[in-house]
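Right, one structure below, let's go through it.
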Amino acid sequence: MNKIQNFISDSVTKFSPYSLNDEDNKIIANTSLADWVTSRLTSGKFRKAPLIPQTRQDIKEKVARSIEKGEPIYLIICFGGYKHYWNASYPEVDWAELFNLRFMSDYVTPILSAYTPGVILEYEAEDYILPTMNNYPEDRSNAYAASFQRLVAILKKYMPKNFTIRYIRAKDQYDISYVFDKLETRVAEKIILFKKLPKAKQEYFLHRTEQNVMWNGKKDLRSLKDRERRDYIRKSRCTDEAFLELDFEVRKNYFVGDNHISLVVSWGASSDNIGHWLTVGSTYSSLVDFWIGRGILEDRGTKIVPRIVSHTQYDSIKDKLANVPMKGIQLVNFKSIEVYKGEIEFQKQAKLYD
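For the working numbering, add 10 to where a residue sits in the sequence shown, where the first one is 1.
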């Protein structure tokens, strides 16, 4: 299994520079550097949902603003900031986070070569709402944040100097009492609206939300009756909606102001993405959120392919996975990696939030 170890070692230590080709230089000469960078950021190779013209124009304007000021291109990945409890690696990062970091590194590598100020990639964690919304213990989010930052520190030693990766938490950006003071009223309003939805849509949202509720977490909710569980799930869904609205009210300028370009993962492919934010994958082959899913490898013989699989997907293949010892990353969930021999073919795409 030396090729597995070699693949992982290369994933940590090798960041190959991109060489601009004739087509790149032609585009830059005939249009502008901002146009070329925008085309890279919106490339279908990394993008996982349609892009409306207005979003593309907004991105171009922000790129042009950065170039005019000689500042790094500023990208923000908006995400939950936790590891899903279904995962054996909970509460810390696993291979999924490494694969996403490398995928995002590939995403920006051409820009790093063409634009000296480089790129800032900011992972923005909206984790302080989790104990209220999904019953997650706060110390588990703290453990995730610390492990993510340690993983970034390991990779940083090998990254280009003009590539900066940051991990920030919403609670460190503003006084969260603003949100909590208004949350109960806003949630009540959302519940009223939720009850007016068609039954089928209610059931869809309830099913999707239930996957994220931790019944034995901050509180032990396992004794709730069926009706109480349903009410809790509905409130969790409405808390999510209310929080996103209130948080955006506070941080609108952070998310969409100045030269900031916000990116989303699976959420962007859902009907909730009413702002049409740019949607990227977790890896080349995965849309499953890296904080929800589990990182494994496919050994296809001629190449090794990183995958991020959902709970349902993992359960369908776990008996066919070989556990291969690994060296090099001194974090708790990186002592071995699960490898699937061949190419995985799932019967249907995993639910985005399963």
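All C-beta atoms, glycine included, are put in the ideal place defined by N, C-alpha and C.
Does the beta-carbon distance from V275 to F89 come in below 8 Å? For the purposes of this step, residue 275 is taken as residue 265 along the sequence shown, with counting starting at 1. For the purposes of this step, residue 89 is taken as residue 79 along the sequence shown, with counting starting at 1. Their beta carbons are under 8 Å apart, which means V275 touches F89 by this criterion.
Any idea which residues DSSP pairs E348 with across the strands? On the sequence shown, residue 348 is found 338 positions in, with the first residue counted as 1. E348 pairs with N333.
What would DSSP say about I38, mapped onto helix, strand or coil? As a working mapping, residue 38 is identified with position 28 in the sequence shown. It is helical.
Near I175, which residues of its chain fall below 6 Å by C-beta distance, leaving aside the five closest residues on each side in sequence? By one-based count along the sequence shown, residue 175 stands at place 165. Counting only Cβ-Cβ distances below 6 Å, and skipping sequence neighbours, we find L131 and V162.
Give the range of the beta strand (DSSP E) segment to which F173 is assigned. The residue labelled residue 173 in the question sits at position 163 within the sequence shown. Looking at the DSSP string, the run of the beta strand (DSSP E) that includes F173 is F173 to R179.
By the DSSP assignment, the beta strand (DSSP E) with I62 in it spans what residues? Taking the first residue of the sequence shown as position 1, residue 62 is located at position 52. It is not in any beta strand (DSSP E) - I62 carries neither H nor E in the DSSP assignment.
Beta carbon of E136, beta carbon of D257: below 8 Å? Here the question's residue 136 lines up with position 126 in the sequence shown. Here the question's residue 257 lines up with position 247 in the sequence shown. Yes, they are a contact pair.
Helix or strand or just coil, what does DSSP make of N263? Counting from 1 along the sequence shown, the entry for residue 263 is found at position 253. Of the three classes helix, strand and coil, the one that applies to N263 here is helix, per DSSP.
Endpoints, beta strand (DSSP E) assigned at D309: Mapped onto the sequence shown, residue 309 falls at position 299. First-last of the beta strand (DSSP E) with D309: R304 to D309.
DSSP-derived helix/strand/coil call for R237: Position 227 of the sequence shown holds residue 237. Looking at R237 - three-state DSSP - the assignment turns out to be helix.
Going by DSSP, which residues form a beta bridge with V319? Numbered from 1 along the sequence shown, position 309 holds the residue referred to as residue 319. DSSP output for V319 lists R304 as bridge partner(s).
Segment contact flag, the region 189 to 196 with the region 97 to 111, C-beta cutoff 8 Å, min 3 pairs: no
Beta-carbon proximity list for P101, same chain, < 6 Å, skipping 5 on both sides: Position 91 of the sequence shown, counted from the start, is the residue given in the question as residue 101. If we look at P101 and ignore the five residues flanking it on each side, its Cβ neighbours are K93, R150, A153 and Y154.
Given a threshold of 16 other Cβ atoms within 10 Å of its Cβ, counted over all protein chains shown, does P60 qualify as buried or as exposed? What you label residue 60 is simply residue 50 of the sequence shown in a count that begins at 1. Label assigned to P60: exposed.
Could you give the DSSP three-state label for V274: helix, strand or coil? Position 264 of the sequence shown holds residue 274. In the structure shown, V274 sits in a strand (DSSP, three-state: E or B).
So the beta strand (DSSP E) F89 belongs to, where does it begin and stop? In the sequence shown, counting from the first residue as 1, residue 89 sits at position 79. Per DSSP, F89 belongs to the beta strand (DSSP E) from I83 to F89.
C-beta contact flag for K58 and T322 at 8 Å: The sequence position of residue 58 within the sequence shown is 48, counting from 1. The sequence position of residue 322 within the sequence shown is 312, counting from 1. For K58 and T322, no; Cβs fall outside 8 Å.
Can you tell me whether V129 is helix, strand or coil according to DSSP? Counted from its first residue, the sequence shown places residue 129 at position 119. V129 falls in the strand class under three-state DSSP.
C-alpha gap between A252 and D116, whole angstroms: As a working note, residue 252 is residue 242 in the sequence shown. As a working note, residue 116 is residue 106 in the sequence shown. So the two alpha carbons sit approximately 35 Å from each other.
Is the Cβ-Cβ distance between V260 and Y188 less than 8 Å? Here residue 260 refers to the residue found at position 250 when the sequence shown is read from its first residue. Here residue 188 refers to the residue found at position 178 when the sequence shown is read from its first residue. The answer is yes: Cβ separation under 8 Å.
Alpha carbon to alpha carbon, what distance is there between Q67 and Q15? The residue you call residue 15 lines up with position 5 of the sequence shown. The residue you call residue 67 lines up with position 57 of the sequence shown. Those two C-alpha atoms are separated by around 42 Å.
Are T126 and T249 close, meaning C-beta to C-beta below 8 Å? Indexing the sequence shown from 1 puts residue 126 at position 116. Indexing the sequence shown from 1 puts residue 249 at position 239. Not in contact: T126 and T249 (Cβ atoms no closer than 8 Å).
Spatial neighbours of P316 in its chain, beta-carbon cut-off 7 Å, leaving aside the 5 residues before and after: On the sequence shown, position 306 is the one that residue 316 refers to. Taken in chain order, the residues that qualify are F109, T293, G305 and L307.
Tell me the DSSP secondary structure of L30 in three-state form. Within the sequence shown, numbered from 1, the residue matching residue 30 stands at position 20. If DSSP states are grouped into helix, strand and coil, L30 belongs with coil.
In chain order, what residues of the same chain lie with their CB nearer than 7 Å to the CB of N19, ignoring the 5 residues before and after it? In the sequence shown, the residue the question calls residue 19 occupies position 9. It should be pointed out that residue 19 corresponds to Ser in this sequence rather than to Asn. These residues qualify, in order along the chain: G338.
With a Cβ-Cβ cutoff of 8 Å, do W225 and R218 count as a contact? Residue 225 sits at position 215 when you count from the first residue of the sequence shown. Residue 218 sits at position 208 when you count from the first residue of the sequence shown. In this structure, R218 does not lie closer than 8 Å to W225 by Cβ.
Are P170 and F25 closer than 8 Å when you measure CB to CB? For the purposes of this step, residue 170 is identified with residue 160 of the sequence shown, where counting begins at 1. For the purposes of this step, residue 25 is identified with residue 15 of the sequence shown, where counting begins at 1. Cβ distance < 8 Å, so P170 and F25 count as in contact.
Under the rule that 16 or more other beta-carbon atoms within 10 Å means buried, what is A180, buried or exposed? Numbered from its first residue, the sequence shown carries residue 180 at position 170. Classification of A180: buried, given that the 10 Å Cβ count is 16 or more.
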